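Everything below concerns the one structure shown next.
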Amino acid sequence: MNIVVLVKQVPDTYSERKLRSDGTLDRDATDSVLDEINERAVEAALQLKEAHDGSEVTVLTMGPDRATDAIRKALSMGADKAVHLSDEALAGSCAVQTARALAKAIGTVEGVDLVVAGNEASDGRGGAVPAMVADVLGLPALTHAREITVDGSSITVKRETDDGVTILTAELPAVVSVGEKINEPRYPSFKGIMAAKKKPVATIGLADAGIDASEVGLAAALSTVTSSQPKPPKSAGEKVEDEGDGGSKIAAYLVSQKLI
Ligand SMILES: Cc1cc2nc3c(=O)[nH]c(=O)nc-3n(C[C@H](O)[C@H](O)[C@H](O)COP(=O)(O)OP(=O)(O)OC[C@H]3O[C@@H](n4cnc5c(N)ncnc54)[C@H](O)[C@@H]3O)c2cc1C
1403 MNIVVLVKQV
1413 PDTYSERKLR
1423 SDGTLDRDAT
1433 DSVLDEINER
1443 AVEAALQLKE
1453 AHDGSEVTVL
1463 TMGPDRATDA
1473 IRKALSMGAD
1483 KAVHLSDEAL
1493 AGSCAVQTAR
1503 ALAKAIGTVE
1513 GVDLVVAGNE
1523 ASDGRGGAVP
1533 AMVADVLGLP
1543 ALTHAREITV
1553 DGSSITVKRE
1563 TDDGVTILTA
1573 ELPAVVSVGE
1583 KINEPRYPSF
1593 KGIMAAKKKP
1603 VATIGLADAG
1613 IDASEVGLAA
1623 ALSTVTSSQP
1633 KPPKSAGEKV
1643 EDEGDGGSKI
1653 AAYLVSQKLI
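For the sequence shown, the working numbering assigns the number 1403 to the initial residue and increments by one for each residue that follows.
So, in structure tokens, the structure goes:
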């Protein structure tokens, strides 16, 4: 089975995120990491590889030069090779452009059976790219996977959302997005980290992937961030003095917050 994992380098979760005046994220202002949900997407692909002899895992990212660090992390976990779609013209691309560009880049990998992505990226949090990639490629999309099983050319996913669990089945090739509960990603071993340095990373530009420069980047983005305000700091919360009426005061508070 030929598996491609879409991984994204994102600002470190604990760092303060700043937007530039053009509305794009200032990625130089913070440390960058392999997106945590994408670590689980890599882990899911590696588990499928271990269950299906002869399989190969390719990680694919669209990002600037320094996204190579995120690629090396995924390779040190055990992925076999990588494709890095990197071109300055891609900077500021919106989610739709990103999905179209990723679909083209997936097209440069031969005989793809399964594309595994995260159900969202921890910076843009759109959660739409996997389904859009599936749409552009004309493939089924199985999202929010909690469990993935492949049997021959058929894939079954246990999909978990707040509303409950559903079982989805489709024919390969397909696109799957995983949630954070699907697994615990393995830590790269020292041997894995050393081996990753020698694993092939194909760096491709727009021309290699057949992407038209006029269709990507901030200038052509279908939506742009025009302004943003940081979320107000959480208030301390309300203190209820219980003078025998604590219960009714709490009930009144819950009603006022429309919680009951
Ligand atoms: C604060 C902020 C708000 C934004 N709001 C919007 C918006 O409202 N509309 C819009 O169109 N764009 C928006 N963008 C831009 C958007 O984040 C980028 O285009 C981004 O690359 C794709 O969207 P996402 O992060 O929401 O991805 P999601 O759809 O949340 O990502 C899901 C999965 O897709 C894969 N993936 C996503 N990006 C990449 C990549 N570059 N390389 C490889 N795999 C990838 C990963 O597996 C990821 O887990 C916003 C960006 C920021 C920083």
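Ideal placement from N, C-alpha and C gives every residue a C-beta, glycine not left out. Quantities reported herein were computed from a predicted structural model and do not represent experimental measurements.
### Task
Return helix, strand or coil for Val1642, following the three-state DSSP convention.
If DSSP states are grouped into helix, strand and coil, Val1642 belongs with coil.
### Query
How big is the Cα-Cα spacing for Ala1497 and Lys1651?
Rounded to whole angstroms, Ala1497 to Lys1651 spans 46 Å at the Cα level.
### Message
For Pro1413, list the residues DSSP reports as bridge partners.
### Response
In DSSP, Pro1413 forms a bridge with Ser1434.
#### Entry: Helix, strand or coil at Val1627 according to DSSP, with G and I counted as helix
In the structure shown, Val1627 sits in coil (DSSP, three-state: anything other than H, G, I, E or B).
### Query
What number of angstroms, rounded off, separates the C-alpha of Asp1430 from the C-alpha of Leu1620?
If I take the Cα positions, the gap works out to 17 Å.
#### Entry: Any 3 or more C-beta pairs closer than 8 Å across the region 1467–1478 and the region 1508–1515
The region 1467–1478 and the region 1508–1515 do not touch, with fewer than 3 CB-CB distances between them shorter than 8 Å.
### Residue ranges of each beta strand (DSSP E) within the region 1507–1563, 3 or longer
Fully enclosed beta strand (DSSP E) runs of 3 or longer: 1516–1520, 1543–1553 and 1556–1563.
### Query
What separation, rounded to the nearest whole angstrom, lies between the Cα atoms of Gly1425 and Met1534?
Going from the Cα of Gly1425 to the Cα of Met1534 covers about 23 Å.
### Message
For the pair the region 1523–1531 and the region 1547–1563, tell me if three or more CB-CB distances fall below 8 Å.
### Response
No: the two stretches stay apart, fewer than three of their Cβ pairs being nearer than 8 Å.
### Query
On the three-pair Cβ rule with 8 Å, is the region 1592–1608 touching the region 1474–1493?
Output reads yes: the region 1474–1493 touches the region 1592–1608.
### Task
Over the uninterrupted beta strand (DSSP E) stretch that includes Ala1484, give me the two end residues.
Annotation for Ala1484: the continuous beta strand (DSSP E) segment containing it runs Lys1483 to Leu1487.
### Query
Alpha carbon to alpha carbon, how far is Val1518 from Arg1422?
When only Cα atoms are considered, Val1518 and Arg1422 end up about 31 Å apart.
### Task
Please list, in chain order, all residues of the same chain as Ile1557 whose beta carbon is under 8 Å from its beta carbon, the five residues on each side excluded.
Excluding residues within five positions, the ones whose Cβ falls inside 8 Å are Leu1516, Leu1544, Ile1550, Thr1551, Thr1571, Ala1572, Glu1573, Leu1574, Ala1576 and Val1578.
### Message
On a Cα-Cα basis, can you pick out the residue from Gln1411, Ala1638, Leu1608 and Ser1630 that is closest to Ala1491?
### Response
Ala1491 has its Cα closest to that of Leu1608, out of Gln1411, Ala1638, Leu1608 and Ser1630.
### Message
Could you check whether the Cβ of Ala1622 sits closer than 7 Å to any heavy atom belonging to ligand 1?
### Response
Because no heavy atom of ligand 1 lies under 7 Å away, the Cβ of Ala1622 does not count as near it: no.
### Task
Could you check if Thr1415 is buried or exposed, using at least 16 other CB atoms within 10 Å of its CB as the buried criterion?
If you draw a 10 Å sphere on the C-beta of Thr1415, you find fewer than 16 other C-beta atoms in it, and that means exposed.
### Query
Straight-line CA distance for Asp1489 to Gln1659?
Cα to Cα, the separation comes out at about 48 Å.
### Task
Give the single residue among Val1407, Glu1458, Asn1404 and Asp1428 whose Cα lies nearest to the Cα of Val1627.
If we check each option's Cα against that of Val1627, Asp1428 comes out closest.
#### Entry: Closer than 7 Å: Met1464 CB and nearest ligand 1 heavy atom
Remark: the C-beta of Met1464 is in contact range of ligand 1, defined as less than 7 Å to any heavy atom.
### Query
Within the present structure, is the beta-carbon of Pro1602 separated from the nearest heavy atom of ligand 3 by less than 7 Å?
In the structure shown, ligand 3 is absent; the only ligands present are ligand 1.
### Under 8 Å between C-beta atoms of Val1461 and Val1444
Contact flag set, yes.
### Rounded distance between the beta-carbons of Ser1495 and Val1618, thought under 8 Å
Between the beta-carbon of Val1618 and that of Ser1495 there is about 5 Å, and that keeps the pair under the 8 Å contact cut.
### Query
So what's Met1464 in DSSP terms, helix, strand or just coil?
Strand, per DSSP.
### Task
Identify, in the order they occur along the chain, each residue of the same chain with its Cβ nearer than 8 Å to the Cβ of Ile1606, setting aside the five sequence neighbours on each side.
Shown here for Ile1606: same chain residues with a beta carbon closer than 8 Å to its own, the five before and five after excluded, namely Val1485, His1486, Leu1487, Ser1488, Ala1507 and Thr1510 in chain order.
### Query
Could you give the C-beta distance for Arg1502 and Val1538, rounded to a whole number, given that I count them as a contact under 8 Å?
The beta-carbon distance between Arg1502 and Val1538, rounded to whole angstroms, is 6 Å. This is short enough to meet the 8 Å contact definition.
### Message
Judging by CA-CA distance, which residue of Gly1465, Lys1641, Val1459 and Ala1611 is the nearest neighbour of Ile1405?
### Response
A check of alpha carbon separations from Ile1405 across Gly1465, Lys1641, Val1459 and Ala1611 identifies Val1459 as the nearest.
### Query
How about Leu1408: is its Cβ closer than 7 Å to a heavy atom in ligand 1?
Yes - ligand 1 has a heavy atom lying nearer than 7 Å to the Cβ of Leu1408.
### Query
Under three-state DSSP, which class holds Ile1405?
Here Ile1405 carries a strand assignment [DSSP, helix/strand/coil].
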